[in-house]
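S.K.: Numbers in our numbering are just positions in the sequence shown, counted from 1, shifted up by 9. Note that beta-carbon positions come from the ideal geometry of N, C-alpha and C, so glycine has one too.
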Amino acid sequence: RSPPSPPQTMADAAEKPKTFADVAPFLAEPVTLGGLELKNRVAFASLTRGRAGHERVPNDALVEYYSLRAGQASLLLTEASALSAMGEGWAQSASIYTPEHVQGWKRVVDAVHAKGSFMGVQLWFIGRASHSSFMPDNQQIVAPSAVAIEGDGVYNINDEKVPHEVPRALEIEEIQQIVADVKHATTAAREAGFDFVELHLANGYLMDQFLQSCSNKRTDQYGGSFENRFRIADEALQGMLEVYPANRIGVKISPNGAYNGMGSEDNIEAFTYYIQRLNSMNLGYIQIMDGTGFGFHNLTRRFTLFDVKKNFDGLVIGNVGFDMGTADGAIRTGACDLVTFGRPFISNPDLVDRWTHGIPLTPPNPATWFTHDVEGYTTYRPASEAAEATAA
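1. Of the choices Leu292, Thr349 and Glu278, whose alpha-carbon is the least far from that of Asp316?
2. Based on Cα-Cα distance, which residue from His381, Thr388 and Pro176 lies nearest to His140?
3. Is the Cβ-Cβ distance between Phe29 and Thr365 less than 9 Å?
4. Sort Asp382, Ala94 and Asn357 by Cα distance to Gly59 and report the nearest one.
5. With respect to the alpha helix (DSSP H) encompassing His366, which residues constitute its N-terminal and C-terminal limits?
6. So within the region 246–321, which uninterrupted alpha helix (DSSP H) runs reach at least 4 residues, ignoring any that extend past its ends?
7. Can you tell me whether DSSP reads Ser141 as helix, strand or coil?
8. What separation, rounded to the nearest whole angstrom, lies between the Cα atoms of Val325 and Gly43?
9. For Ala20, which residues in the same chain have their Cβ closer than 7 Å to its Cβ, ignoring the five residues on either side in sequence?
10. Beta carbon of Ile158, beta carbon of Gly213: below 9 Å?
11. Just how far apart, CA to CA, sit Ser104 and Pro375?
12. Whole angstroms are fine: how far does the CA of Leu132 sit from the CA of Ala242?
13. What is the rounded straight-line gap between the Cα of Ala23 and the Cα of Ala100?
14. Out of Leu220, Glu251 and Gln285, state which residue places its alpha-carbon closest to the alpha-carbon of Asn265.
15. Put Val163 into one of helix, strand or coil per three-state DSSP.
16. I'd like the list of long-range same chain contacts for Thr313, defined as Cβ closer than 8 Å, with 5 residues on each side in sequence excluded.
17. Among Gly98, Thr57, Leu92 and Glu97, which has the Cα closest to the Cα of Pro108?
18. For my contact list, Gln97 and Ile150 are in at a C-beta cut-off of 8 Å; report their separation, rounded to the angstrom.
19. If you draw a straight line from the alpha carbon of Asp168 to that of Ile187, how long is it in whole angstroms?
20. Less than 8 Å between C-beta atoms, sequence neighbours within five positions excluded: which residues of the same chain meet that for Asn291?
21. Tell me where the beta strand (DSSP E) around Val329 begins and ends.
22. In the DSSP assignment, what are the bridge partners of Ala89?
23. Which runs of the beta strand (DSSP E) at least 3 residues long sit entirely within the region 184–236? Give them in chain order.
24. Between which two residues does the beta strand (DSSP E) holding Val40 run?
25. For the structure I just gave you, are there three or more beta carbon pairs, one from the region 326–333 and one from the region 268–288, closer than 8 Å?
26. Roughly how many angstroms separate the alpha carbons of Gln17 and His193, rounded to a whole number?
27. Are the region 344–363 and the region 63–73 touching, with three or more C-beta to C-beta distances below 8 Å?
28. Going by the CB atoms, is the gap between Pro39 and Lys48 shorter than 9 Å?
29. What do you reckon, are the CB atoms on Phe377 and Ala54 nearer than 9 Å?
30. What's the gap between the Cα of Gly248 and the Cα of Val191?
31. For the alpha helix (DSSP H) that Leu77 lies in, which residues bound it at each end?
32. Apart from the five residues on each side of it in sequence, which residues of its chain come closer than 7 Å, Cβ to Cβ, to Leu370?
33. When you compare only the Cα positions, how much space is there between Leu208 and Trp114?
34. Terminal residues of the continuous beta strand (DSSP E) containing Phe350?
35. Looking at the structure shown, is Gly125 part of a helix, part of a strand, or coil, going by DSSP?
36. Quick check on Ala155: does DSSP put it in helix, strand or coil?
What follows is the structure, given as structure tokens:
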């Protein structure tokens, strides 16, 4: 692939306003996903921020937060959003299973659409990475098997760090209810106006717990073989396909990740099989956390973008650790089709504009990543606002 032709003369170059294509020609290219034309290949990654309040309804702060980044990224993916009350596990994160959730998200989606970007919701069931304080009536947390996460602990509903709990293995009927809940949340997404819906199969949450041998010790039809371990994801996706067309559905996977106690020795073979199964469904995209900056389990070789590309015909989205240059290069080589950016967008809502005009990026403050007020959430502003204030 070749970049767009440069200006013919130095005078042309001097007179022409700088565009994103001048600094990242491949990242700036439009791309079609689900029949929609995305103006560039920059996507905003799902980032859990915990600003939706105790009712978990998207509020004014969420409307402003996503709106600020719309028009920069062509596709915005929501923070992971619990698909049922049993799927919860993060203090004050937004959810998507009640009419109030739907109405809150509709305001966000409308604001993003008004800026010319598209939006997808990420459906989340936390499983063994949760805590009983989040569960209805403080019930025991659930998972494929009664295998606790090894590690230094988890945050409860009061933001206190406590030891991980041993989950209860789900009964067959409960798995079937989760599948039904996925479809219910997908229907809610359609009512809210989302362009895309993404099933979270990554980061050691429930679906990933079923996919991986380190956390799935079942001996029934949901455990053992790759086919059985994929069964809940398959059933969930079949329900989603009854609500959205296949090219508007995506998934997120993390075969390299160690987060939440994950990583299995058979991940290369297992995830190759899973991707082939996903390909047979003609899904719109697979987002893979191919970068290892979020933790690498070191039990296999690294699963790469090319591993996905050679087994999947839809769009491949790269995630974790990219900057403008590495993202542009990954797209240039054909390794992926889009890249999601998370942490750079936290403190730079105008990320694409800053890249375009060489404006230094504002470093984020990790101390405000997971707090519950607007500080560090909507207080990072576009550079243009500072320039306007100075001019005034």
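M.R.: On the basis of the data shown:
1. Glu278
2. Pro176
3. yes
4. Asp382
5. Leu360 to His366
6. 276–289 and 314–318
7. helix
8. 13 Å
9. Any reading at Ala20 must be qualified, since the residue scores a pLDDT of 45, below 50, and its modelled position is unreliable; the value itself is stated next. Contacts found: none.
10. yes
11. 23 Å
12. 12 Å
13. Bear in mind that the predicted position of Ala23 carries a pLDDT of just 48, short of 50, making it unreliable; the figure below should be weighed with that in mind. Rounded to whole angstroms, Ala23 to Ala100 spans 51 Å at the Cα level.
14. Leu220
15. strand
16. Asp299 and Ala344
17. Leu92
18. The residue you asked about is not Gln; residue 97 is Glu in the sequence shown. Actually they do not touch by this definition, with Cβ atoms about 10 Å apart.
19. 26 Å
20. Ala255, Asn256, Asp322 and Gly323
21. Per DSSP, Val329 belongs to no beta strand (DSSP E) and is neither H nor E.
22. Gln131
23. 205–209
24. Val40 to Leu42
25. no
26. Caution is warranted here: a pLDDT of 44 is assigned to Gln17, below 50, making its placement in the model unreliable, and the coordinate value is therefore given only provisionally. Cα to Cα, Gln17 sits roughly 55 Å from His193.
27. no
28. yes
29. In the sequence as presented, Phe is not what sits at residue 377; that position holds Thr. No, these two residues do not count as a Cβ contact at 9 Å.
30. 7 Å
31. Asp69 to Arg78
32. Pro353, Asn357 and Arg363
33. 17 Å
34. Leu347 to Phe350
35. coil
36. coil
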